[in-house]
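Numbering (this note's numbering), first residue to last: 120 to 325.
Backbone N, C-alpha and C fix where the C-beta goes; we use that ideal spot for every residue, glycine too.
Please read these numbers as outputs of a predicted model, since none were measured by experiment.
All remarks here apply to the structure that follows.
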Amino acid sequence: MFRLASAALLALALGACANGQSDLDKPAEPIGDFKLGHAIVVAPNIVKGPVSREASTEDWIASVDGALEERFRRHEGEKFYHLGVSIEGYVLAQPGVPLIFSPKSALIVNVTAWDDTTQSKLNPEPEQITAMESFSAETAVGSGLTQSSEEQMRNLSANVALQIEKWMRRQQRKEGWFGGPDAGRPVAADADDSAEAPSDEDVNDT
């Protein structure tokens, strides 16, 4: 499986990802009736990609778990759902590589969503998600030259949490997850309720 993931890394090596950290500054829009129950992060078979810095499994689990908590605890829907995330592989760009290559950091995870009420998976097969480092003045020449491994991990963890949210929203629209597309939206006022009540003067005129 990770051979396919490695190919994805190579294909995306010159790409960039939306900034998951700065996206948290925006108001949280409901994801239907979603409310986070548990976010469980594991990394039983994590693989370090080529030309990558080292990072411990424990540090990766803590980083991704923190990013999931930060992003999804903002949602206060009416039903609990759980997220199971398996960290599959990573690349943390390192210094010392020629600038013309401009290596990019990346993180690959598999995600499964669970409905707490039915105790069943929403997606029978895990969804594989790849997140790249965000583009910035710092990362334009490769984050290995401008960021510590801890900073790279925070960046990637925030970005993968954002990509998971985007996937969940797509599934809400296409597959009716989290109560369907209309769940969590404010209920529009009834037309009759919005009509102005007659004034005392109007009543007296009749």
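With DSSP as the reference, label residue i as helix, strand or coil.
{"i": "Glu315", "result": "Its pLDDT being 47, under 50, Glu315 is placed unreliably in this model, and the value from its coordinates should be taken loosely. Three-state result, Glu315: coil."}
{"i": "Asn229", "result": "strand"}
{"i": "Arg172", "result": "coil"}
{"i": "Gln247", "result": "strand"}
{"i": "Gly156", "result": "strand"}
{"i": "Ser253", "result": "strand"}
{"i": "Lys285", "result": "helix"}
{"i": "Val260", "result": "Because the pLDDT at Val260 is just 47, under 50, the model does not fix this residue reliably, and the point stays unresolved."}
{"i": "Ser224", "result": "coil"}
Less than 8 Å separating the beta-carbons of residue i and residue j?
{"i": "Glu244", "j": "Ser224", "result": "no"}
{"i": "Thr236", "j": "Lys198", "result": "yes"}
{"i": "Asp203", "j": "Ile159", "result": "Here the sequence assigns Gly to residue 203, which means Asp is not the residue at that position. It is a contact, given that the beta carbons lie within the stated cut-off."}
{"i": "Ala174", "j": "Leu211", "result": "yes"}
{"i": "Asp178", "j": "Met272", "result": "yes"}
{"i": "Leu155", "j": "Arg192", "result": "yes"}
{"i": "Gly139", "j": "Leu281", "result": "yes"}
Under the rule that 16 or more other beta-carbon atoms within 10 Å means buried, what is residue i, buried or exposed?
{"i": "His194", "result": "buried"}
{"i": "Thr249", "result": "buried"}
{"i": "Ser182", "result": "buried"}
{"i": "Ser276", "result": "buried"}
{"i": "Pro214", "result": "exposed"}
{"i": "Gln238", "result": "exposed"}
{"i": "Asp152", "result": "buried"}
{"i": "Pro149", "result": "buried"}
{"i": "Ser171", "result": "buried"}
{"i": "Ala186", "result": "buried"}
{"i": "Arg190", "result": "buried"}
{"i": "Asn278", "result": "buried"}
{"i": "Ala232", "result": "buried"}
Along the chain, where does the alpha helix (DSSP H) that runs through residue i open and close?
{"i": "Phe297", "result": "No alpha helix (DSSP H) holds Phe297; DSSP gives it neither H nor E."}
{"i": "Val183", "result": "176-191"}
{"i": "Asp142", "result": "139-142"}
For residue i, decide whether its Cβ has a neighbour in chain D, counting only Cβ atoms nearer than 8 Å.
{"i": "Arg190", "result": "The chain inventory of the structure shown lacks chain D, comprising one protein chain alone."}
Residue range of the beta strand (DSSP E) that residue i falls in?
{"i": "Ser205", "result": "198-210"}
Compute the minimum distance between the beta carbon of residue i and the heavy atoms of the ligand GDP, and state whether it is under 7 Å.
{"i": "Pro300", "result": "The ligand GDP is absent from the structure shown, which contains no ligand whatsoever."}
**OP:** Evaluate contact between the segment 147-163 and the segment 204-212, counting only Cβ atoms and requiring at least three cross-stretch pairs below 8 Å.
**Re:** yes
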